[in-house]
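Just below is one structure, and these are the notes that go with it.
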Amino acid sequence: MAVKFGLSLNRILQRALPQVHNCKLLPCLQSRHIHINSLHFKNKEPNELIVSPSMFYVPEGDRNKDTFLEAVKIYTTRPGPRRAQVEFIYAALKEMEEFGVHRDLEAYKDIIDILPKGKYIPTNMFQAEFMHYPKQQQCIIDVLEQMENNGVCPDKETDQMVLNIFGRHGAPTKKLRRMAYWMPKFKNQSPWALPQKIPNSNLEIAKLAVQRMGSVDPATEMNIFQTSELQDAIDDTWIVNGQSANQRDLLAKLKEKQTVYVEGAFTIWLRRTSINYFILRSEPVPLTEEEQKQRNEYDYDDVSELRSWMFGEENLTRKDIVVQPSVHEQEDGTILAIAITGTCSKDSLLSWIRFLEKTNPNLANLSILFATNSPLGEVAPAIESNMPSQPLNKITGGSDL
Amino acid sequence: MASYKFLTSKSWMPVLRHVSKSHYFQTVYLSSSASVYDKDIKEYKAPQTDTTNVVKKLQRPPFGKNLFLGKFDNEILAFPEVLDKERLQMLDEMVAPVEKFFEAIDSKKIDAEGKIPKETLDGLKALGLFGQQIPTEYGGLGFNATEFARIAEITAIDSSVAVTLAAHQSIGLKGLLIAGNEEQKAKYLPRLATGEWVAAFCLTEPGSGSDAASVQTKAVLSDDGNHWIMNGNKIWISNGGIADFFTVFAKTSVRGKTGEMEDRVTAFLVERNFGGVTHGKPEDKLGIRGSNTCQVFFENVPIPKENVLGEVGAGFKIALNILNSGRFSMGSSGAGMLKKLVGWSAEHAINRKQFGKPLMEFELIQEKFAKMAVTIYAMESMAYLTSGMLDTYEEPDCAMEAAMVKVFSSEAVWNCTSECLQILGGLGYMKDYPYERFLRDARILLIFEGTNEILRILISLLGLQHAGKSLSEMVRKVRNPTANPGFAVKKMWERFRRNPQNPSLNLHLESFLHPSLKRPSELLEKRVLQFEMAVEILLSRHGKEVSTKQMDLRRVADVAIDLFAMTAVLSRSSRAYCIGLRNAEHELELANSFCVDADIRCERLISELFAGEQFTQDLSLKKIATTIFQNKGYCAEHPLKQNA
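Top line first, the protein sequences correspond to chains A and B. Throughout the first sequence, residue numbering follows our numbering, covering 4 to 404 in sequence. Throughout the second sequence, residue numbering follows our numbering, covering 116 to 759 in sequence.
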């Protein structure tokens with residue numbers, strides 16, 4: 004309420020006595036002198052402040068970076084004293100996504116640049132401590148917050164701007180510097196580096212996805228098959244296959260008539276793009292009770308007969324010796340291969356298995372079960388799986404990192 | 116204003132206070148001065164994009180030399196960022212095509228045939244690689260040391276090409292860049308920059324290798340006084356057979372200070388067209404077989420008077436300057452070679468299975484890879500720190516640092532290629548694979564551009580000379596305790612108080628680094644302090660004789676190299692971690708591991724320096740060597756010999 008009170012007074016004053024208002028002749032009426040706690044300003048509903056300036060009334064098709072920057076330019080170059088700067092900034096912030104500039108540093112810099120330089124810099128320690136020009140400071144903090152949520156890192160120039168507007172004790176300056184310190188750090192935290200811009204082609208995305216999933220085993224090889232090479236394939240599409248030598252060995256060891264499953268589609272996200280993938284899985288092989296018992300009885304304390312399996316002194320088929328399972332042998336099954344196909348159709352998966360048979364002859368002896376029910380519901384073709392950015396915000400917090 | 120200071124310190128994260136000062140926040144830190152409070156900023160000015168690149172150079176004391184005095188320049192712990200964004204981008208754009216070009220080079224063929232094909236050389240010329248450090252106004256690329264080092268990383272993938280390029284521009288035409296006058300530069304540099312002419316550096320002679328002052332080639336002034344006539348021959352000249360332009364060092368008679376004629380070395384710029392320049396057949400070498408190395412003969416070569424480089428008689432200094440300034444790039448080129456080889460070995464270790472497991476899962480293999488990574492990291496850090504010093508310091512005094520980089524990296528390359536071959540097993544020994552070539556090529560690194568032994572002496576002597584200037588008074592008194600009994604006692608007490616085994620750390624290096632590097636920084640600090648004491652003890656013990664105590668000089672050089680390397684890795688990893696580069700944690704681990712290893716090496720060397728030759732192996736080693744020379748070889752009796 005306090006905010007509204009202060010703001011409505013502001014507006015009345017601005018309309019009635021612009022000169023007087025600008026000169027700060029009636030300081031006691033301004034909210035910043037009544038409230039010193041910044042929490043008051045954080046809890047406000049931003050929408051209430053927004054007057055949607057006419058500059059942003061741009062037809063649907065023309066909403067792009069150029070028109071956005073033009074709108075800001077019109078506002079800043081308008082003759083006469085500039086009014087409702089904070090309101091304009093909030094309006095611009097809200098419109099940014101519409102104009103597709105919400106991940107564009109230049110646009111943010113243009114908005115920040117609206118505020119006057121030097122005016123809001125505190126001149127004594129009380130001003131510095133008690134949030135000088137709180138409305139403006141909060142406004143720029145919100146701009147920075149939106150930048151942070153969209154993964155836009157401020158650069159030196161932004162820093163210089165904010166510094167010139169609020170001085171080094173301004174809350175926005177501090178926030179900006181914290182961002183400048185932490186955001187580049189988080190940017191590189193993911194162990195799976197992705198290119199700055201995810202390519203548009205599904206095949207390229209599939210390659211990236213298989214590469215990422217295959218990174219559990221450095222020996223993973225990625226192959227790209229074209230179904231047109233097979234005679235009886237219905238779909239003409241590509242298949243990106245990921246399988247390591249280890250997985251081939253595991254597959255070769257499977258007994259005749261054992262069932263292996265083709266399962267999917269599962270989803271993998273690469274930044275704001277998702278793509279569906281399939282796995283070839285076999286049932287895990289649990290230890291028998293006898294083996295478990297033998298293993299438990301292994302005497303680790305007996306050093307009288309040290310033997311090394313490296314020199315053939317130890318029999319590797321002994322049940323009480325654990326050969327360390329590979330990363331592909333998980334509790335719920337052994338992953339034998341992964342693939343992404345262009346159409347995600349059953350036929351393409353069949354083609355995948357045919358291609359695999361060339362390098363894994365044992366596959367012909369196994370019974371293969373295509374699990375049609377994807378845990379994610381109906382399988383969508385990869386071509387339509389490029390989701391708009393909005394739903395992703397819920398999953399990844401909207402950050403670009 | 117006092118209260119403002121309090122506010123500022125709150126607003127800065129403690130980590131940032133020192134570390135980032137020189138990086139991201141530099142401009143901010145400077146601009147947030149009192150002027151902001153005077154409200155004189157009314158209009159924000161965007162940085163000019165077309166600013167002329169006039170960067171004021173820093174005035175810093177020589178780092179390596181000051182280590183000998185225990186003075187540590189803390190600024191060095193902020194790893195230099197030499198290239199601004201634009202220049203870095205330009206460099207990256209340059210790197211991509213060069214990389215592509217070098218991937219296409221058939222190194223095996225070059226190695227087997229002992230010749231670089233003309234198309235390859237033409238390709239290099241088209242890329243501008245023959246004029247990397249030549250200023251743009253003469254048609255070169257105008258690279259600074261850092262950019263040069265970056266390109267050297269790629270060219271090193273084929274050592275024959277790398278040596279050809281290095282002989283051309285790191286030494287061949289470097290003299291012209293350093294000491295040439297305007298006319299000489301205008302006359303030769305454009306042709307050298309395009310690669311139309313290839314340059315060679317002629318110093319080595321049958322009787323003078325590392326000893327540059329003893330050249331026998333002679334140049335005498337002709338009777339009319341317009342020409343110098345040169346006679347003599349030079350051996351093992353890289354590019355000797357293909358070069359059209361030679362920087363030649365020859366003895367000339369100069370009137371000395373006392374008025375007598377004495378022989379002094381002078382540098383000449385010699386064109387092949389002058390006549391009388393011939394060369395022998397290319398040498399058959401162990402490695403770098405594609406590079407052209409041969410004898411060059413000068414027979415009554417007439418050299419115009421204006422082709423004297425620098426002043427008559429100043430050739431020795433020019434030669435040393437050229438050699439000193441070319442060495443730093445060996446760190447980055449060695450790193451380039453090793454990165455390639457380690458990549459291949461890693462692939463092998465991933466795919467090759469033994470005993471049912473890939474090689475990468477065996478601890479001994481893991482240890483090898485880890486140690487190699489640590490070494491490469493140190494090499495790169497040292498090389499780019501040195502190139503950064505060369506680029507950002509005013510009148511950089513980096514001969515010592517460059518020598519350190521050369522010694523460290525040439526030995527590291529040799530050891531690591533050997534380790535890689537060990538990992539590759541039989542494959543590494545076969546000529547069908549490229550691996551063995553790297554080992555052969557790496558061997559020359561220890562020998563050329565100053566052998567590592569000479570460079571070790573150079574490093575320690577440069578440092579001791581520097582230290583000797585400040586400590587001369589003290590040393591004189593300590594060496595004459597009977598004349599200065601009070602001082603001697605005081606000094607003894609001081610030494611005792613300073614506790615050489617565990618000195619109290621008063622340099623506070625950790626406050627200039629990220630806190631996660633506290634432990635390794637303390638190791639470095641301890642060794643720096645001990646090193647100073649060791650230098651002092653060494654000077655007091657040997658006096659002027661110190662320059663002949665080569666075993667101690669070797670130790671001093673090794674400690675100095677390790678200290679510089681520790682500084683470089685700490686500074687680089689701290690920067691990487693603070694600005695959040697990819698795999699920055701990995702860099703911390705590399706830095707930490709290197710420092711722990713280097714600390715152990717230093718501990719041994721320093722304790723030997725403290726102890727003196729009575730307590731080390733030095734005397735007995737000298738004795739063993741003397742016996743061997745007396746008997747002209749190994750002289751222990753055969754183990755089967757019976758004394759009957």
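Glycine included, every Cβ here is placed at the ideal spot set by N, Cα and C. None of these values were measured; they are calculated from a predicted model.
What did DSSP end up calling Asp295 (chain A) once you bin it into helix, strand or coil? The displayed chain sequence assigns Gln, not Asp, to residue 295 (chain A). Here Gln295 (chain A) sits in helix by DSSP.
Proximal residues, the region 289-312 of chain A versus chain E, C-beta separation under 7 Å: Considering every chain present, this structure includes no chain E. Its protein chains are A and B.
Can you name, in chain order, every residue of its own chain whose Cβ lies under 7 Å from the Cβ of Gly371 (chain B), other than the five neighbours on each side? Glu377
For chain A, check one thing: does any of its Cβ atoms lie closer than 8 Å to the Cβ of Gly695 (chain B)? yes
Does any C-beta atom of chain B lie closer than 8 Å to the C-beta of Ala222 (chain A)? yes
Candidates A:Glu224, A:Asn244 and A:Trp185: closest to Gly695 (chain B) by CA position: A:Trp185
What whole-angstrom Cβ distance do Phe725 (chain B) and Ala603 (chain B) have, given they're in contact under 8 Å? Incorrect: roughly 18 Å between the Cβ atoms, too far for contact.
Is it buried or exposed, Glu360 (chain A), if we count other Cβ atoms within 10 angstroms and call 16 or more buried? exposed
Proximity to Phe189 (chain A) [Cα-Cα], best of B:Leu720, B:Ala751, B:Thr742 and B:Tyr692: B:Tyr692
Taking DSSP as the reference, what is the three-state secondary structure of Ile220 (chain B)? coil
Drop a sphere of 10 angstroms on the beta-carbon of Pro419 (chain B), count the other beta-carbons inside from all chains shown, and report buried for 16 or more, exposed for fewer. exposed
Can you tell me the Cα-Cα spacing of Met475 (chain B) and Ala248 (chain A), whole angstroms? 14 Å
Looking at C-alpha atoms only, which residue of B:Phe646, B:Arg613 and B:Thr362 is the closest neighbour of Ala314 (chain B)? B:Thr362
So is Pro473 (chain B) in contact with chain A if we call contact Cβ pairs under 8 Å? yes
Leu401 (chain B) lies in the alpha helix (DSSP H); which residues open and close that run? Leu401 (chain B) -> no alpha helix (DSSP H), and no H or E assigned at all.
Span of the beta strand (DSSP E) holding Lys122 (chain A)? Premise fails: Lys122 (chain A) is in no beta strand (DSSP E) and is neither H nor E.
Going by DSSP, which residues form a beta bridge with Gln246 (chain A)? A:Glu224
Can you list, in chain order, the residues of the region 157-190 of chain A whose Cβ is nearer than 9 Å to any Cβ on chain B? Lys159, Glu160, Asp162, Gln163, Met164, Leu166, Asn167, Ile168, Gly170, Arg171, His172, Thr176, Lys177, Arg180, Arg181, Ala183, Tyr184, Trp185, Met186, Pro187, Lys188, Phe189 and Lys190
Thinking just about the alpha-carbon of each residue, which of B:Gly503, B:Gly405, B:Ala672 and B:Tyr499 is nearest to the one in Ile569 (chain B)? B:Ala672
Using beta carbons (cut-off 8 Å, strictly below), is Ala248 (chain A) in contact with chain B? yes
Just to make sure I have the definition right: I need the residues of chain B whose C-beta is within less than 7 Å of the C-beta of Ala196 (chain A). Which are they? Arg697
Please confirm if the region 289-308 of chain A is in contact with the region 216-226 of chain A, defined as three or more CB-CB distances below 8 Å between the two stretches. no
Tell me which residue opens and which closes the alpha helix (DSSP H) that Pro635 (chain B) is part of. Lys633 to His657
Rounded to whole angstroms, what's the CA-CA distance from His138 (chain B) to Ser323 (chain B)? Just pull it up for me. The pLDDT assigned to His138 (chain B) is 44, lower than 50, so where the model puts this residue is not dependable; a value taken from the coordinates is nonetheless given after this. Distance between the alpha carbons of His138 (chain B) and Ser323 (chain B) is about 47 Å.
Less than 8 Å separating the beta-carbons of Ala374 (chain A) and Val265 (chain A)? yes
For Lys652 (chain B), which of B:Asn621, B:Met607 and B:Gly390 has the nearest alpha-carbon? The amino acid at residue 652 (chain B) is misidentified as Lys; the sequence shows Ile. Taking only the C-alpha atoms, the option nearest Ile652 (chain B) is B:Met607.
Please state whether DSSP places Pro175 (chain A) in a helix, a strand or coil. helix
Does Gly287 (chain B) come out as helix, strand or coil in the three-state DSSP assignment? helix
If Arg66 (chain A) sits next to Phe102 (chain A), beta carbons under 8 Å apart, how far is it from one beta carbon to the other, in whole angstroms? 5 Å
Quick check: Ile272 (chain B) and Phe194 (chain B), are their CB atoms within less than 8 Å of each other? no
Nearest CA to the CA of Asn346 (chain B): which residue from B:Phe360, B:Phe443 and B:Phe364? B:Phe364
Note down, in chain order, each residue of its chain lying with its Cβ closer than 7 Å to the Cβ of Ser533 (chain B), except the 5 sequence neighbours on either side. Leu554
DSSP three-state assignment for Asn621 (chain B), whether helix, strand or coil: coil
So Phe484 (chain B) contacts chain A; which residues on that side make the cut at Cβ distance below 7 Å? Residues of chain A passing the Cβ test: none, with the nearest at roughly 12 Å.
Name the residue from B:Leu401, B:Ile357, B:Arg404 and B:Gly395 whose alpha carbon lies nearest to the alpha carbon of Asn388 (chain B). B:Ile357
Label Asp199 (chain B) either buried or exposed according to how many other C-beta atoms from any shown protein chain fall within 10 Å of its C-beta, with 16 as the threshold for buried. exposed
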